[in-house]
Ligand SMILES: [Zn+2]
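In our numbering, the protein residues as written are 19 to 285.
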């Protein structure tokens, strides 16, 4: 019996990539990628030990950790209790090294007196990203918040004034100071603040753990709790916080996972 089980298992392992899955997701997903899947309404969906939140129609948001490798294992349980393991293969992304010089020293090695502020900033951002609202804006198609040259890619390893620093977890779009920045999807504003590193910063919640962040704004033109329609102006491009020139730093999150905004835009 054991031998037969092994043979069957061995046979399954040699089959080509699984043909389709019950999640309405691609069989291969990309590091830092954002996806919207769908299962039969009434099912339960698990990613490891985490039960994913499904809309009443069965939609769910999902993001791949930017450094994840190998297979992602889901477990789908249908309304009758039948279980279906679902596996997705992760495609690796290549991340470059980016040197940025000429930054003020206090922005590379912050003075002691601002460390408490930086920690408080970071806690507020984390809290804004735990928002788990029932909005379904995340199912829409993203538009560019501003058009311009991409001046910094997601995942770049950063060397600031010669010092290795944490990786770049957003996308930089260079544009003249004062250029309008627009909401890439509808949502609700969950943070408007002036932060040490990211300057004037806005976070928008798009529902089901999906949020976007806009940094270095010259002006933020929205308030906490404001509802936004896709394309509404949220502020203007600037160089506040740690920036060498006017640009928008745009970040996309699925809960705490930082995702690559370039992957949701298409060309
Ligand atoms: Zn940036």
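Glycine included, each C-beta is placed from N, C-alpha and C at the ideal position.
Check: Among residues of its own chain, excluding the 5 on either side of residue 128, which ones have a beta-carbon nearer than 8 Å to its beta-carbon?
Finding: 136, 214
Next item on the list: Compare the beta carbon distance of residue 282 and residue 270 with 8 Å and say whether it is the shorter of the two.
Entry: yes
Check: Relative to ligand 1, is the shortest distance from any of its heavy atoms to the C-beta of residue 224 smaller than 7 Å?
Finding: no
Margin query: Quick check for students: name the residue ranges of the beta strand (DSSP E) that lie wholly in the region 56-106, counting only runs of 3 or more.
Written below: 62-65, 77-81, 89-95
Note to self: Under 8 Å, with one C-beta from each stretch per pair, do the region 161-170 and the region 131-151 reach the 3-pair mark?
What the structure shows: no
Next item on the list: Report yes if the CB atom of residue 42 is closer than 8 Å to the CB atom of residue 51, and no otherwise.
Entry: no
Next item on the list: Reducing DSSP to helix, strand and coil, say where residue 146 ends up.
Entry: Correct three-state label for residue 146: helix.
Checklist line | Neighbour-count burial assignment, residue 139, 16 or more Cβ in a 10 Å radius | finding: Burial call: buried.
Next item on the list: Take the Cβ of residue 267 as the centre, count every other Cβ of all protein chains shown within 10 Å, and call the residue buried at 16 or more, exposed below.
Entry: With a threshold of 16 other beta carbon atoms within 10 Å, residue 267 meets it and is buried.
Next item on the list: Quick one: give me the first and last residue of the alpha helix (DSSP H) that residue 281 is part of.
Entry: 280-283
Checklist line | residue 66 beta carbon near ligand 3 (any heavy atom closer than 7 Å) | finding: As for ligand 3, it is missing from this structure, which binds only ligand 1.
Next item on the list: Just the C-alpha distance for residue 153 and residue 224, rounded to the nearest angstrom, thanks.
Entry: If you draw a straight line from the Cα of residue 153 to the Cα of residue 224, it comes to about 6 Å.
Notebook entry, point to check: Considering only residues of the region 105-176, which uninterrupted alpha helix (DSSP H) runs meet the minimum length of 4 residues and lie entirely inside it, listed in chain order?
Noted result: Within the region 105-176, the runs of alpha helix (DSSP H) that reach at least 4 residues and sit entirely inside it are, in chain order, 123-126, 133-147.
Next item on the list: Starting from the Cα of residue 172, find the closest Cα among 275, 119, 250, 102 and give me that residue.
Entry: Ranking 275, 119, 250, 102 by Cα distance to residue 172 puts 275 first.
Check: Would the beta-carbon of residue 190 be found less than 7 Å away from any heavy atom of ligand 1?
Finding: Within the cutoff, so yes.
Margin query: Let's test the definition: count the other Cβ atoms within 10 Å of the Cβ of residue 105 and tell me whether it reaches 16, buried, or not, exposed.
Written below: exposed
Check: Just checking my contact of residue 169 with residue 265 at CB under 8 Å: how many whole Å lie between their CB atoms?
Finding: 6 Å
Next item on the list: Kindly indicate which residue of 179, 107, 70, 71 has the alpha-carbon position closest to the one of residue 355.
Entry: The chain is shown only over 19 to 285; residue 355 falls outside these bounds and no answer can be derived.
Check: Mind checking whether the beta-carbon of residue 170 lies closer than 7 Å to any heavy atom of ligand 1?
Finding: yes
Next item on the list: Give the straight-line distance between the Cα atoms of residue 198 and residue 252, rounded to the nearest whole angstrom.
Entry: Straight-line Cα distance between these residues: approximately 8 Å.
Margin query: Please state whether the Cβ-Cβ distance between residue 212 and residue 174 is less than 8 Å.
Written below: no
Margin query: Quick check: residue 261 and residue 234, are their CB atoms within less than 8 Å of each other?
Written below: yes
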